[in-house]
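A.B. asks: Here's a structure for you.
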Amino acid sequence: MSRPPGSGASPYAEVEALLKDEFAGVHPATTVTRCVEAAHYGALEVTGSAHPGLVERIARKHLHVLALVASERG
Numbered sequence: 001m002s003r004p005p006g007s008g009a010s011p012y013a014e015v016e017a018l019l020k021d022e023f024a025g026v027h028p029a030t031t032v033t034r035c036v037e038a039a040h041y042g043a044l045e046v047t048g049s050a051h052p053g054l055v056e057r058i059a060r061k062h063l064h065v066l067a068l069v070a071s072e073r074g
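FYI, the UniProt record's numbering numbers position 16 of the sequence shown as 16, with every residue one higher than the one before it.
Below, the structure written as structure tokens:
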């Protein structure tokens, strides 16, 4: 998803905010941001586009997996 040049808003700001709220007690905000960025690039690589809904689903799965791994360790 492209944004107008010079606009500082991320096209995934809403996705990021939603996931930060959802995983607030599980992951720091920086982890959520990294997962959203990774999901964006993964979607581009695999499908050639990165619709916010797809990025949200991929990032949410990443965050669930990270939470599972963390719970198994501790």
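Positions of the beta carbon are idealized from the N, C-alpha and C atoms, including for glycine.
By DSSP, does S49 sit in helix, in strand, or in coil?
C.D. replies: Coil at S49, not helix or strand.
A.B. asks: Is A24 helix, strand or coil by DSSP?
C.D. replies: DSSP places A24 in coil when its eight states are reduced to three.
A.B. asks: Give the straight-line distance between the Cα atoms of K20 and E45, rounded to the nearest whole angstrom.
C.D. replies: In a straight line, the C-alpha of K20 is about 24 Å away from that of E45.
A.B. asks: Taking E37 as the reference, which of G25, A67, A59 has the closest Cα?
C.D. replies: With distances taken between Cα atoms, E37 lies closest to A59.
A.B. asks: Applying the 10 Å Cβ sphere with the 16-neighbour rule, what's the burial state of A43?
C.D. replies: Under this definition A43 is a buried residue.
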